[in-house]
Each structure stands twice: as structure tokens, then as C-alpha cells.
Amino acid sequence: MSTSEDKKNGKPAIDTSSLKLAQADSYNALIKGNSEWVERKLQEDSEYFATLAKGQSPQVLWIGCSDSRVPANEVTGTKPGEVFVHRNIANVVVHSDMNMLSVLDYAVNVLKVKHVIVAGHYGCGGVAAALSNKQFGIIDNWLRHIKDVYRLHANELDRITDETQKQNRLVELNVSEQVYNLCKTSIIQNAWMERHDLEVHGWVINLGTGLIKDLKVTSSSPHNLGYVYELDSVNAAAQH
Ligand SMILES: [Zn+2]
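With the working numbering as the guide, the letters of the sequence shown map in order to residues 818 to 1057.
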């Protein structure tokens, strides 16, 4: 409702009371959802949280998109404690990203995960944005990594005329390139020198069916990296 004061100041009258109510509702729903979840879990297992609090030993590191529709645990039918998670827009592995490198190092060298999975998804807004020439702000700098993927595969992608098919293919190629980027890291290569139970995989989730497509780009050794990226062991370097 407009007040006489609003009229005096010449400001447009805005009724904020219903906006504030909706704001409070969406926030309170989270707290309510949490208490209902706790109740449900305790009904299933009265020791659930006591057990969870003791520690984690996940076998999997999930590097996925920040998109709200691809939560790692739900998609894979796993429970809290089973998947270590890193997410960013369009599941990109950038070799100078300290956040990603810290997560990767901790997962590989402390938690000793056996699988690192790059999980992209069809209908990815980040990939769609990278395909366009529009400016979106700061995010353009992040999405440029996906434009770089496009450039590497421009021969194939330029031939696809259907926009959805082109976008879907770029989603797949982006995942494959990020798997490759993971394998280039000294973290993964040093781990492979020490143990043989670490695999890097690439998946795409189909939001329309919920199903995972394994892109069959699994790597478990540095042998396909090429001479530019394959690293000597630290010990071998010290001997020179
Ligand atoms: Zn996405």
C-alpha cells in the first residue's frame, strides 16, 4: 500500500510485505525440511548420526556441475559419507584452480578414493552459454575454458547443424577433456606411480531420463597422455 510519505517523496509505492513472507517461507522450508529429514533418519536407524559423525571413507570423488538438478548422492543412489564432492559451473577441471586441486589432492592422497568421476549433464546452462557469443559477465572468463574445448573439436562441432545435438556433443567433449585435464595433474600421475586402484571416468547425466551415460573414457594409467604431459616421477628427476 502506498503511504502519504511515499507520495511526498515521489517514490513508487511497493508492497513488500508479501515479498517478505515468501522470502521467509522459502527459508523456513529448509529448516523444516532438515528437522523432518533428521526425524526420518532416526526412525530408520537411531544410531545414524552417531555413526556418520565418526568419519568418512568415500571411495569416489565426484566433480560435477553446480546445477541444482544433478546432486551426486541422489543420482548415484549413494548415502552421505560415500561420495566426496566438488562442483562448479559446467564441471571444469582447470589446472590452476586451487579449490579443485585441494579437493583432488585430499581425495586422492588422504581419502585414497578409487574413482574420480567427471559428471556433466545434457542441458547444461554453462555449456549453452559457452556456445553463444553473448556476454554474461564474470562467468564468461570461466566459460572460456569450454570455448577452448570447442576450438579443439571445431571440425566436428561445426558440422552439426541441430543446436541441441551440437550442445549435447559439446557437453560430452567437455567431460572427456576434463577427464584428460585430471590425468595431466601431478596429483593423479603421482598416485598412479604408487597404486593401481585409481581410475578416472567421464559421465554425462541425461536430465530427461535420470540415467548416466558412461562415455568410456576411463583412464587408469598415464600412457595415453602423450609425451608433452606424461611426468617422470619426482625421484627420477632428483637423480639427474
Ligand atoms: Zn551444468
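Quick reminder that beta carbons are idealized off the backbone N, C-alpha and C, glycines included.
- In the DSSP assignment, H903 falls within the beta strand (DSSP E) that extends over 900–905.
- Proximity of the segment 1005–1012 to the segment 1036–1056 meets the contact definition, three or more beta-carbon pairs being nearer than 8 Å.
- When the beta-carbon positions are compared, N905 and V944 stay at least 8 Å from each other.
- In terms of Cβ geometry, V996 and V935 form a close pair [threshold 8 Å].
- DSSP places H932 in the uninterrupted beta strand (DSSP E) bounded by 932–938.
- Runs of the beta strand (DSSP E) lying entirely within the segment 998–1030, each at least 3 residues long, are 1016–1022 in chain order.
- G943 has its Cβ nearer than 7 Å to a heavy atom of ligand 1.
- In the DSSP annotation of this structure, the continuous segment of the beta strand (DSSP E) that includes I880 starts and ends at 877–882.
- By the beta-carbon neighbour count (other beta carbons within 10 angstroms, threshold 16), N972 is exposed.
- Looking from the CA of V927, the closest CA among Q952, Q860, G894, S874 belongs to S874.
- Here the segment 960–979 does not lie against the segment 838–852, with fewer than 3 beta-carbon pairs under 8 Å apart.
- By alpha-carbon distance to N908, the top candidate from V925, A947, R976, G872 is A947.
- Within the chosen limit of 7 Å, ligand 1 does not reach the beta carbon of H1013 with any heavy atom.
- Annotation for D884 indicates a beta carbon within 7 Å of some heavy atom of ligand 1.
- Leaving aside the five residues that flank G898 on each side, the residues in its chain whose CB is nearer than 7 Å to its CB run, in chain order, L869, Q873, P875.
- Counting of Cβ neighbours within 10 angstroms places I955 among the exposed residues, the total staying below 16.
- If you check the C-beta of A947 against ligand 1, you find no heavy atom less than 7 Å away.
- Counting only runs that start and end inside the segment 845–879, the alpha helix (DSSP H) elements of at least 4 residues fall at 865–869.
- Taking C-beta atoms as the reference points, E1016 and H932 count as a pair closer than 8 Å.
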